[in-house]
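Visitor:
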Amino acid sequence: MNPSRALAGAIAASGTQPDAPVTLTRSIAVGLAAILTELRDAADRMHDASAAASHHDDGLSAARQAYRIIRPDLTLD
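Residue numbers for the sequence shown follow our numbering, beginning at 151 and rising by one.
#1: Please classify G209 as buried or exposed, where buried requires at least 16 other C-beta atoms within 10 Å of its C-beta.
#2: Go ahead and label S177 buried or exposed: buried means 16 or more other beta carbons lie within 10 angstroms of its beta carbon, across all protein chains shown.
#3: Cα separation between I201 and R195?
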């Protein structure tokens, strides 16, 4: 379930409960923790993708440099 929707549902449902402030606070804390976890996971995936792209660029640069040594008359750019 989408953490934002779960949080919104918990806030809406808390209005009908006698201990609404405590339940609402707890629901907000749980919902925010879930949202922060998803954001952290997304940041980790972005970091991994960035590292992979950087590694690919380094390899491509090395290949171009080697090709220039082997065939200086041709360019790959």
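All C-beta atoms, glycine included, are put in the ideal place defined by N, C-alpha and C.
Guide: From the atom records:
#1: The sequence position of residue 209 within the sequence shown is 59, counting from 1. Exposed, since its Cβ has fewer than 16 Cβ neighbours within 10 Å.
#2: Indexing the sequence shown from 1 puts residue 177 at position 27. Residue environment: S177 is assigned as buried (16 or more neighbouring CB atoms within 10 Å of its CB, all protein chains considered).
#3: Taking the sequence shown and counting its residues from 1, one reaches residue 201 at position 51. Taking the sequence shown and counting its residues from 1, one reaches residue 195 at position 45. Note on residue identity: the sequence assigns Ala, not Ile, to residue 201. Taking the Cα positions, A201 is about 10 Å away from R195.
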